[in-house]
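Before any comments, here is the structure.
2 protein chains.
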Amino acid sequence: MNIGEVSKRAKLPAKTIRYYEEIGLILPQREPNGYRVFRASELHKLEFVGRARAMGFSIEECRTLLALWDDRNRASADVRALAARHLAVIEARMDDLRAMHATLSDLVTACAGDDRPDCPILSTLAADGAPPDREL
Amino acid sequence: MNIGEVSKRAKLPAKTIRYYEEIGLILPQREPNGYRVFRASELHKLEFVGRARAMGFSIEECRTLLALWDDRNRASADVRALAARHLAVIEARMDDLRAMHATLSDLVTACAGDDRPDCPILSTLAADGAPPDREL
DNA sequence: CCTTGACCTTCCAGTTACGGGAACCCTCAT
DNA sequence: ATGAGGGTTCCCGTAACTGGAAGGTCAAGG
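Order-wise, the sequence lines are chains C and S. End of the first sequence = 135 in numbering that gives the first Met the number 0, gap-free, step of one. End of the second sequence = 135 in numbering that gives the first Met the number 0, gap-free, step of one.
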């Protein structure tokens with residue numbers, strides 16, 4: 000299988016696959032003409048990584064997950080711990096976004112959005128006046 | 000005011016302030032010895048940018064917001080539109096995170112997390128078996 | 001036989017918003 | 001003179017790619 004075919008099947012851009020090779024996530028062989036040649040196991044790894052990335056795992060976490068996947072003697076506790084840590088990161092990000100969203104949506108609501116210059120969004124950013132009806 | 004003082008007051012690292020100068024967000028003057036000199040207006044801009052960044056606006060959005068702030072003839076509609084676009088981005092990110100969280104928290108719950116190798120997290124990533132009690 | 005098109009290759013640069021660290025200058029106090 | 005605590009520039013590194021240039025490979029068609 001050449002890179003185009005793998006790209007289609009794993010739904011990853013060829014560029015990304017080359018990058019994954021560069022950082023040692025996968026190690027495809029080469030044909031005499033220099034083309035990469037992928038076996039089923041490499042395709043599976045790429046699909047695995049694609050799913051892990053879609054769940055927000057970093058590349059390094061993906062590397063660890065691949066290693067755990069390969070390891071028939073792994074303890075599921077190790078996988079679970081990694082996933083739980085990642086879950087905590089996701090929750091922290093969501094908290095940050097929630098705070099931004101709360102502030103911003105209030106401001107957007109409070110802003111007339113007409114052709115006049117008065118704007119509670121700018122006032123709040125400038126901190127030269129209190130937000131209309133809500134503490135930051 | 001030198002950079003250290005501004006850094007303390009605006010609660011931004013000196014490095015960040017130098018970077019903001021480099022990209023033209025602020026244009027402090029210089030003393031004969033080469034030190035940057037900040038006036039109150041520059042401090043205000045930095046505080047403004049600090050708050051905007053905390054709300055998740057990109058640097059380029061901050062640049063636009065600063066320009067709108069400076070423009071006494073702005074229409075609040077322009078500010079509002081920018082904020083609303085950003086709000087949409089925040090919501091999209093939250094949706095992504097929510098999806099990841101839903102999948103992952105189910106998997107973490109389903110994983111025994113003991114010393115045995117069986118792990119629904121890895122199985123799901125490998126897609127070699129259906130997740131235990133939930134569709135992806 | 002030559003060309004065209006669709007593949008593939010490598011390499012280089014750019015992205016975002018800084019942080020680390022080296023090497024060096026300025027100023028003041030001891 | 002020296003040391004502490006400012007400041008300066010410059011360059012590299014981060015994460016995870018993406019875009020683009022320049023060029024090799026291969027099968028089919030005229």
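Just so it is clear, CB atoms sit at the ideal spot from N, CA and C, and this is done for glycine as well.
Let me see if you follow: with CB-CB separation under 8 angstroms, is residue i close to chain S or not?
i	result
L72 of chain C	With the sequence shown as reference, residue 72 of chain C is identified as Asn, and Leu is not the correct amino acid for it. Taking Cβ atoms only, chain S reaches closer than 8 angstroms to N72 of chain C, which makes this a yes.
V107 of chain C	yes
A82 of chain C	yes
R62 of chain C	no
A39 of chain C	no
Can a CB atom of chain C be found closer than 8 angstroms to the CB of residue i?
i	result
M0 of chain S	no
G23 of chain S	no
S104 of chain S	yes
G55 of chain S	yes
I16 of chain S	no
L11 of chain S	no
L26 of chain S	no
Express the C-alpha separation of residue j and residue i in angstroms, rounding to a whole number.
i	j	result
V107 of chain S	L64 of chain C	14 angstroms
F47 of chain C	A126 of chain S	8 angstroms
C110 of chain C	R79 of chain S	6 angstroms
I89 of chain C	I58 of chain C	15 angstroms
C61 of chain C	S104 of chain S	17 angstroms
Y34 of chain C	P12 of chain C	16 angstroms
I25 of chain S	H100 of chain C	27 angstroms
P27 of chain C	M54 of chain C	25 angstroms
A39 of chain C	W68 of chain C	16 angstroms
R17 of chain S	G23 of chain S	10 angstroms
D77 of chain C	D70 of chain C	11 angstroms
A129 of chain S	R73 of chain S	Note that A129 of chain S has pLDDT 44, beneath the 50 cutoff, so the model's placement of it is unreliable and the number below is only indicative. C-alpha separation (whole angstroms): 56 angstroms.
T15 of chain S	L45 of chain S	10 angstroms
D95 of chain S	R52 of chain C	12 angstroms
D114 of chain S	S75 of chain C	6 angstroms
Under a Cβ-count criterion, where at least 16 other Cβ atoms within 10 Å of its own Cβ denotes burial, should residue i be classed as buried or exposed?
i	result
Y19 of chain C	buried
R29 of chain C	exposed
G112 of chain S	buried
E41 of chain S	buried
A66 of chain C	exposed
K7 of chain C	exposed
G3 of chain S	exposed
P119 of chain C	buried
L124 of chain C	buried
A82 of chain S	buried
Name the chain C residues that come within less than 7 angstroms of residue i, Cβ to Cβ?
i	result
F47 of chain S	L124 and A125
R92 of chain S	L96
Run down chain C in chain order and give the residues with a C-beta less than 8 angstroms from the C-beta of residue i.
i	result
V5 of chain S	Per Cβ cutoff of 8 angstroms: no residues; V5 of chain S is ~16 angstroms from chain C at best.
L86 of chain S	H100, L103, S104 and V107
Name, please, each residue of chain S whose Cβ falls closer than 9 angstroms to the Cβ of residue i.
i	result
A111 of chain C	S75, A76 and R79
R52 of chain C	Within chain S, no residue comes near R52 of chain C; the closest Cβ sits about 10 angstroms away, beyond 9 angstroms.
L42 of chain C	The contacting residues do not exist; L42 of chain C stays about 12 angstroms from chain S at best.
Which residues of chain S have a Cβ atom closer than 8 angstroms to the Cβ of residue i, listed in chain order?
i	result
I89 of chain C	L96, M99, H100 and L103
> Closer than 7 angstroms, Cβ to any Cβ of chain S: which residues of the region 114–127 of chain C, in chain order?
Replying inline: D114, R115, P116, D117, C118, I120, L121, L124, A125 and A126
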